[in-house]
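According to the working numbering, the sequence shown is numbered sequentially starting from 156. From the three backbone atoms N, C-alpha and C, an ideal C-beta is built for every residue, glycine too. Remarks on the structure that follows.
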Amino acid sequence: MADKRITELTPVTAGDTTDGDQFALASAAGGSIETRSLTRLEVKRALAMGADPLATAATAVYLQQQIDALTSGARIVGEWDASSGAFPSTRPDGSPIQLGDAWIVSDAGTVDGVAFAEADRLIALAPGGGAEYDGAWVRAGYADLLQDVIDGAQPYPDKSAFVAASILAPITAVRVLGGPGILTYIRDAAGQTVHSDGSRWRLASPAHYYSVAALVADSYAFDPDDRITVGFSMASAFGYRVVASDADVTTAGGVLLRVLPRSDQFYPVDAFAPPADGADCSAVVQKAINRGRVVLGPRRYHVSNLVPRTSMYIKGEDSSFSGGRAGLICTGGAVFSDTGATEIHGVTLEDFYTDAAVAGCRFWHSPSTAKYTGSFKVRNVVASCNFTCLFTCVPIYWLIDRCNFGQSGNRIGGTQEFRIFEAWCTNGNFPINNNVVRDTKHYNCAAGATFDAAYTVRCGRSWLFVNCTAESFPSACIFDARSVGQVAWVDGWIEWVGHAALFRCAIDNTAPFAISGSPIRIVGPTIYFGDATTQYLVQNINGVVSLRDINMTGVVAQVRAASDPRQMVEPVNIYGAQPAFFNNLQPQGRSFLQRVTPWRNGVTQDLVSLTSTGSPPTKAAVVSDLTGATTTAITAGNEGQAAAVQIPLALMQPLEGGYATFVLVGRFLSSPPTNSWARVVRWSNQVSPTYANISGGAVDLERITGTRLAVSAVASYIPVGLTSYHIGLQFAPETNGATFQIEGLYVLTGDQVVQYPFVV
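Structure (C-alpha cells):
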C-alpha cells in the first residue's frame, strides 16, 4: 500500500469545526499539537504552490509531494477498515492509542453515524481513543482533497497515456483528451475500459461530436457501453452506445456504435450515417426501421423496396417536412415492398414527402390479395403523381388524413398512369372494411391499362370520404366499387374529372363476397364539370344511388344522375342540374309505367317486318275487339320465325346508359300446336334484324302460350352510342300455322315489373 502511505494529517482538537468545507492542518513537536482550520479554497491554493503543478497534477509523485507538505506533523500508525463497524481499540502493534495517532482508511464504511471514504484519515483526539466518535475521533476528508487536485488538473494527452499511467487508488476520476475534446473517466468495477493496473473505468461524460461525419472519421478507441452524442446542441443531439456487435455505425477506428433513441423514443435516420444526397440510403433507412420508430431528417433519402414491419412509425421532424424538403424518394420498385406472408398492421406514416425518381414505382406495394394490411394511419403525407399507384394492398381500418396526393410531379413525362389505391381482395375472411379518407386532396389521377379509377376496390364493406377533393383527373374516375357494401363521399370539391362517370359500382360475381350492389352516397359536394366528358355522377351497373345537397357548375347539360335511373333514392337539393339529370329517374318505392313508344294500342302492319329461317310467316291487318285499334295478326311459318318493329333513335337515345323494359301484349287466336309460344325480343344496333341476330329476349316464364290475353316482358341495358334499335316477337319453331294477334308492343323506361296484361 505504498500509495496509502501518502500523508500525515495533524489532528484537530476537540471543539474545532470540521465540516465539509474545512480541513485541519497542524505542525506538532513531540506531544504538543498546535492546530488551525483552513477553508477548501485555501487548501486548493496551497496545492497549487510549487513548480509546474498542473503539468504533473495527475501523477502519484506530485500528489505525494503536496500532501506530504501539508501533513508532515501527523503520526500515521497504520490502516483502518471502516467497513468493520468499530473504531480501533489499540495501535496496530498492540500498544495503547495516543493523542494524535492517525489511521489511513483502507475501505469505506460508516461507524457511529460518520461516513468514511477510502483515503480519508481517522485521528485520535484523546489517549485510548474510544468506542464513540464525539470527543474521541475526528475524520479528515482526504478523498475529497485528492479529487479536488484531479478536478483542477489538465487531462492526459490521449487514452493510451491514461491507461499506462500510475494512478493512485484514491483517485476516482481522470480526464483524457479525445477526438471530441476532454473526456472524463471514473472508476467503476463494471466499466469496460481496463487500465494497465487492472482497474476498470467507465466513460462518465458522453463524447460529443458536432457531426456524424466527424464521429465516423474519428479513430478514438472507445469501449463497449461508452456513450457518444452528436449535434450542435444537446437538445437535438444523436446518442450512441459502443457495442461489441450488431452495430448501426462503425468509426474509422473500428468502434462499433449502436444508435440510441431520443427521449421521445424515435430513432433519427441521420444518426445512422446515411450517404450523401442522391446516393442510395435503403440500407441505412432499413436499419432505422428495424430499430424502432423513425424520424426523418431535413433531406431526401433515395430508397427502394424497404421492408416494412408491424407497428412501424415513420415521420418527418415536423409538418413542414411534407412540403417536399424532406422525405423518401423511390429509385425502383416501391418505397415499401411487403412480399411476406405475415400481415402488417399498426403502421403510422406522417409529415413527410415522397416521390418517384423513375417510372413504374409504387409507394406501398403488398401484392398479396389474400392477406390484409390493417390499422394504418397516413397523415399529412405529400405524394407526387410520378408513382403509378400509391397503395396496393387489402386495407382494413385505414385512416388517410390531411394528405396531398398527386399535386406535384408530372406523371413521368405526362404519360404514366397515376392511381391512389388498388385494393383487390380474394380472401373471404378479410373483406376490405371501415376505411376513411379525410381532408385529403387528389390530383392528376390517370387511368392505367387494367384499372381506370383513382380507387379500385373489390370485395369490401365500407369506404368513406369526408371533405376531400378530386381535381384535374385526365382519364380516371374517382372510385370503382366492385362488390362493395357502401361508398360515401361527403362534402368537399370535385373538379374536371375526365371520365364518363365520377363513381362506378358493380357486382363482381367472382369475388369472395358477391355483395348485392354497391350503394353510392354523395352528399354535399360542389362539382365543376370542365367539359362534356362526364355523362353520369354514378355509373351504377349495380348499386343504389343516393344524391343530396349537390351544387353542380360548369358544363352540366349532359350530366345525368345515374346510368341506371331505376336504382335511385329520390335526389334532394340538386342545384344547377339540367333536365337530362332527371331523365327516366325511377326512385325506389315508386312505380312507373312511362311509355316511350309513340303508338298507343296495337301495331299497324306497315311497321312490322317479318323474318324466317324456313317458310315465311304472313301478316294481316285486324281490328282489336278489346281496344278498337287497328293492329296486326301474324300467322307463323315453320322453323325460326320473328317479327320486328323499328324504334326511332330519337326515342331511344335518352335511355342510353340506362335501362328500359320491352313489353309484348297479345294472344293466339286459336289453340296453337304443342310447345308453341311467342315472346318479346330486341335487336340492338342491327340495321337488318333477322331471327339469327336477335340481341335478347324474355325468359321462359315470360312467354305467351295460349289464347288468353297475356304479357311477355324483358328489361335490358341500353348501350351508349346506338345506331339502330328494334323490338318485336319471336315464335317457337313448333308454332307453324298458328296466328298471334298483337294488342300492344311498348318500350317503358327503367326496369319495370309488368304482372298483368294491359292496354293503354
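Have a look at the options and flag the residue whose alpha-carbon is nearest the alpha-carbon of residue i.
i	options	result
residue 685	325, 625 and 699	625
residue 293	851, 276 and 282	276
residue 485	876, 556, 455 and 573	455
residue 887	325, 467, 846 and 258	846
residue 437	849, 424 and 372	424
residue 283	316, 818, 245 and 494	245
residue 898	372, 787 and 726	787
residue 835	816, 794 and 377	816
residue 342	356, 318 and 602	356
residue 545	352, 710 and 488	488
residue 573	555, 596, 608 and 881	608
residue 565	581, 539, 579 and 320	539
residue 751	902, 854 and 296	902
residue 411	420, 396, 417 and 418	396
residue 430	416, 850 and 452	452
residue 882	909, 837 and 368	837
residue 889	236, 853, 649 and 828	828
residue 576	605, 611, 603 and 587	611
residue 616	623, 640, 622 and 634	640
residue 756	736, 784 and 738	784
residue 695	732, 737, 712 and 637	637
residue 555	874, 774, 622 and 851	622
residue 794	831, 819, 823 and 808	831
Which residues does DSSP pair with residue i in a beta bridge?
i	result
residue 750	903
residue 457	435 and 484
residue 819	867 and 900
residue 616	Answer is none; residue 616 lacks a bridge partner.
residue 470	450 and 505
residue 363	384
residue 230	256
residue 338	331
residue 632	608
residue 729	705
residue 880	839
residue 846	Residue 846 is not bridged to any residue.
Beta-carbon within less than 7 Å of residue i's beta-carbon, same chain only, minus the 5 sequence neighbours each way: which residues are those?
i	result
residue 792	767, 769, 770, 771, 772 and 891
residue 467	444 and 502
residue 432	454 and 455
residue 535	474, 477, 505, 506, 557 and 558
residue 585	527, 549 and 551
residue 408	373, 374, 375 and 376
residue 872	814
residue 346	355, 356 and 357
Spell out whether any CB of chain D is found under 7 Å from the CB atom of residue i.
i	result
residue 546	Within the model displayed, chain D is absent; a lone protein chain is all it includes.
Comparing the CB of residue i with every heavy atom of the ligand FAD, is any distance shorter than 6 Å?
i	result
residue 234	Judged by which ligands are present, the structure shown has none, so any question about the ligand FAD falls away.
Under 6 Å Cβ to Cβ from residue i, same chain only, skipping five residues before and after it: list those, please.
i	result
residue 553	531 and 590
residue 956	With the chain running from 156 to 915 in the structure shown, residue 956 is simply not present.
residue 598	561, 562, 626 and 627
residue 842	879
Residue i: buried (16+ other C-beta within 10 angstroms of its C-beta) or exposed?
i	result
residue 677	buried
residue 475	exposed
residue 613	buried
residue 680	buried
residue 839	buried
residue 719	buried
residue 287	exposed
residue 317	buried
residue 896	buried
residue 196	Unreliable positioning characterises residue 196 in this predicted model, as indicated by a pLDDT of 37, which lies under 50. The coordinate reading is nonetheless provided below. When all chains shown are included, residue 196 counts as exposed.
residue 900	buried
residue 387	exposed
residue 760	buried
Once the 5 residues before and after residue i are set aside, which same chain residues still bring their CB inside 8 Å of it?
i	result
residue 513	485, 486, 487 and 567
residue 728	703, 704 and 705
residue 313	331, 332 and 333
residue 344	355
Length at least 4, wholly inside the region 489–550: the alpha helix (DSSP H) runs in chain order: Counting only runs of at least 4 residues, the region 489–550 fully encloses no alpha helix (DSSP H) element at all.
Uninterrupted beta strand (DSSP E) stretches inside the region 651–714 (no shorter than 3 residues): Counting whole runs of 3 or more residues, the region 651–714 contains the beta strand (DSSP E) stretches 656–661, 675–678, 681–684, 691–695 and 700–709.
Continuous beta strand (DSSP E) assignments of at least 3 residues falling wholly in the region 544–610: Counting only unbroken stretches of 3 or more residues, the beta strand (DSSP E) elements lying wholly within the region 544–610 are 544–547, 554–556, 574–579, 590–593 and 596–598, in sequence order.
Every unbroken alpha helix (DSSP H) within the region 242–317, with a cutoff of 4 residues, ordered by chain: 297–306, all fully within the region 242–317.
Length-filtered (3 minimum) beta strand (DSSP E) runs lying within the region 763–793: Every beta strand (DSSP E) of 3 residues or more that sits fully in the region 763–793 is shown, in chain order, as 763–767, 773–778 and 785–790.
Start-end ranges of the beta strand (DSSP E) lying completely within the region 395–435, minimum 3 residues: DSSP runs (the beta strand (DSSP E)) wholly in the region 395–435: 411–415 and 421–423.
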